[in-house]
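This report refers to the structure that appears directly beneath it.
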Amino acid sequence: MNNEYELGLPLEYQQMPEYFDAHNVSEQTDYKNALIEKLLRDQGVKTVLDMTCGTGSQVFYLAERGYNVVGSDFSPKLLEFAREKAKAINKDIPFIDGDMRTLAAGQFDAVITIFNAIGHLTKVNFEKALHNIKSNLNEKGIYVFDIFNLEAITAERLREYVMDTEHFVNEVHIRHKQYSEVDREKGLLTSHDHYLISNGSDEPVSRNHRFSLQIYTAFELQTILERNGFDVIKQWDMEGNDFIAEHSISILTVARKKISR
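Here is the structure:
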């Protein structure tokens with residue numbers, strides 16, 4: 120992707136896809152998926168396109184609850200894992216290789232891009248994606264997404280989110296440390312990752328990585344969405360509470376495609 124700033128992707132997204140779920144799926148994932156499902160249900164949604172599905176967390180959750188879901192992602196490797204999961208549970212779920220800026224998958228009641236997915240796009244590319252999302256929505260379709268809240272993210276707040284976690288994946292031990300910093304002028308949240316990977320026999324492998332996300336204030340999102348043919352229905356935090364600009368660490372937005380006149 121061409122970027123105005125250097126953004127990037129987490130290391131496991133492209134280079135270590137076998138560890139993606141260990142890093143991205145936690146005990147909180149089902150709670151967040153349940154919140155997303157409730158928002159979709161409240162809007163009468165039946166068909167869903169997940170444009171940034173990864174290994175399929177939201178796709179499988181929604182499919183199990185009767186939604187007609189299609190998954191898409193920019194990473195062929197992550198889609199391989201998603202397809203393997205679907206095969207293992209005998210689910211016929213379409214997974215499509217695609218870029219959210221250009222994918223044409225049909226017409227859906229809702230498009231979702233969850234867990235800060237839009238942060239991997241520059242502001243220019245986010246607007247391109249919004250135009251494309253709109254073309255994949257039915258009349259009055261909705262777009263549901265989340266992103267870190269720039270207004271609440273300070274250096275002091277980020278100290279609360281320093282990570283030091285350990286996982287076993289297929290008998291491989293992974294220790295993952297992460298700290299982040301914010302450039303408030305550019306709206307960039309940069310994470311610094313260190314991985315120590317050991318299979319118990321060979322010398323542990325150490326890997327360092329850095330990537331940035333483009334993050335927004337709630338008002339910025341409202342302005343961008345309005346400019347690109349959406350009306351904001353409501354914004355929450357990722358726990359489903361009312362959004363508080365100076366406190367909520369994330370912004371969960373539901374926006375409706377404007378009716379063509």
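Following my numbering, the numbering of the sequence shown begins with 120 at its first residue and continues without gaps. The C-beta atom is built at its ideal place from N, Cα and C for all residues, glycine as well.
Exercise. For N251, I'd like the list of residues in its chain whose CB is within less than 7 Å of its CB, leaving aside the five on either flank, ordered along the chain.
Key: As a working note, residue 251 is residue 132 in the sequence shown. Excluding sequence neighbours, N251 sits near M219, R220, T221, L222.
Quiz prompt | Where V281 sits in the DSSP three-state scheme | solution = Within the sequence shown, residue 281 is the residue found at index 162, counting from 1. V281: coil per DSSP, three-state reduction.
Practice problem: Reducing DSSP to helix, strand and coil, say where V243 ends up. | Solution: One-based indexing of the sequence shown puts residue 243 at position 124. Here V243 sits in helix by DSSP.
Quiz item: Does DSSP put K353 in a helix, a strand or coil?
Solution: For the purposes of this step, residue 353 is taken as residue 234 along the sequence shown, with counting starting at 1. Note: K353 maps to strand in three-state DSSP.
Practice problem: Could you tell me which of Q226, K206, A201, F227 sits nearest to I215, measuring between CA atoms? | Solution: Counting from 1 along the sequence shown, the entry for residue 215 is found at position 96. If we check each option's Cα against that of I215, A201 comes out closest.
Quiz item: For the candidate residues Q147, K165, L340, whose alpha-carbon lies nearest to that of S176?
Solution: Your numbering for residue 176 matches position 57 in the sequence shown. Cα-wise, what sits closest to S176 is Q147.
Practice problem: With a cut-off of 8 Å on the beta carbons, I'd call I266 and I352 a contact; round off their distance for me. | Solution: Sequence index remark: in the sequence shown, residue 266 carries index 147 (1-based). Sequence index remark: in the sequence shown, residue 352 carries index 233 (1-based). Not a contact, Cβ separation roughly 16 Å.
Practice problem: Return the CA-CA distance between N257 and I343, expressed in angstroms with no decimal places. | Solution: If you number the sequence shown from 1, residue 257 lands on position 138. If you number the sequence shown from 1, residue 343 lands on position 224. Roughly 20 Å between the two C-alpha positions.
Quiz prompt | K305 (DSSP reduced to helix, strand or coil) | solution = Mapped onto the sequence shown, residue 305 falls at position 186. K305 falls in the coil class under three-state DSSP.
Quiz prompt | Boundaries (first-last residue) of the alpha helix (DSSP H) holding N152 | solution = Counting from 1 along the sequence shown, the entry for residue 152 is found at position 33. Run containing N152: 148–161, per the alpha helix (DSSP H) assignment.
Practice problem: Would you mind stating whether E322 and T309 have Cβ atoms separated by less than 7 Å? | Solution: Along the sequence shown, one-based indexing puts residue 322 at 203. Along the sequence shown, one-based indexing puts residue 309 at 190. No; because the gap between Cβ atoms is not below 7 Å, this pair is not in contact.
Quiz item: Apart from the five residues just before and just after L277, which ones in its own chain have a Cβ nearer than 6 Å to its Cβ?
Solution: By one-based count along the sequence shown, residue 277 stands at place 158. Answer for L277: S299, listed in chain order.
Practice problem: Could you tell me which residues DSSP puts in a beta bridge with H292? | Solution: As a position in the sequence shown, residue 292 is number 173, starting the count at 1. In the DSSP output, where bridge partners are listed per residue, H292 has F287, S317.
Practice problem: Can you tell me which of L159, T241, Y280, V291 puts its alpha carbon nearest to the alpha carbon of N187? | Solution: In the sequence shown, counting from the first residue as 1, residue 187 sits at position 68. The shortest C-alpha separation from N187 is found at L159.
Quiz item: Are there 16 or more other CB atoms within 10 angstroms of the CB of F349, so buried, or fewer, so exposed?
Solution: Here residue 349 refers to the residue found at position 230 of the sequence shown. Looking at its Cβ environment, which holds 16 or more other Cβ atoms inside 10 Å, F349 is buried.
Quiz item: What residues in its chain sit with their C-beta under 8 Å from that of Y124, if we drop five residues either side in the sequence?
Solution: Taking the first residue of the sequence shown as position 1, residue 124 is located at position 5. Per-residue confidence for Y124 stands at a pLDDT of 43, beneath the threshold of 50, marking its modelled position as unreliable; the derived number appears in the next sentence. Cβ within range, chain order: T241, K305, L307, S331, Q333.
Practice problem: Assuming D149 contacts T171 (C-beta within less than 8 Å), just tell me the rounded distance between them. | Solution: Position 30 of the sequence shown, counting from 1, holds the residue named residue 149. Position 52 of the sequence shown, counting from 1, holds the residue named residue 171. The Cβ separation is near 19 Å, so there is no contact.
Self-check item: Three-state secondary structure (DSSP) of H250
Solution: Here residue 250 is taken as the residue at index 131 of the sequence shown, counted from 1. The answer is helix: DSSP assigns H250 an H, G or I state.
Quiz item: From the DSSP output, which residues share a beta bridge with R329?
Solution: Taking the first residue of the sequence shown as position 1, residue 329 is located at position 210. BP columns for R329 point to H311.
Quiz item: Looking at C-alpha atoms only, which residue of R303, L128, Y314 is the closest neighbour of H286?
Solution: Translated into positions along the sequence shown, residue 286 becomes position 167. It is Y314 whose Cα lies nearest to the Cα of H286.
Quiz prompt | Rounded straight-line distance, which links the Cα of I261 to that of D312 | solution = Along the sequence shown, one-based indexing puts residue 312 at 193. Along the sequence shown, one-based indexing puts residue 261 at 142. Near 34 Å, if we compare the C-alpha coordinates of I261 and D312.
Self-check item: Segment limits, beta strand (DSSP E) that includes S204
Solution: The sequence position of residue 204 within the sequence shown is 85, counting from 1. It is worth fixing the name first, because residue 204 is Lys in this sequence and not Ser. From DSSP, K204 is part of no beta strand (DSSP E) but of the alpha helix (DSSP H) over 195–207.
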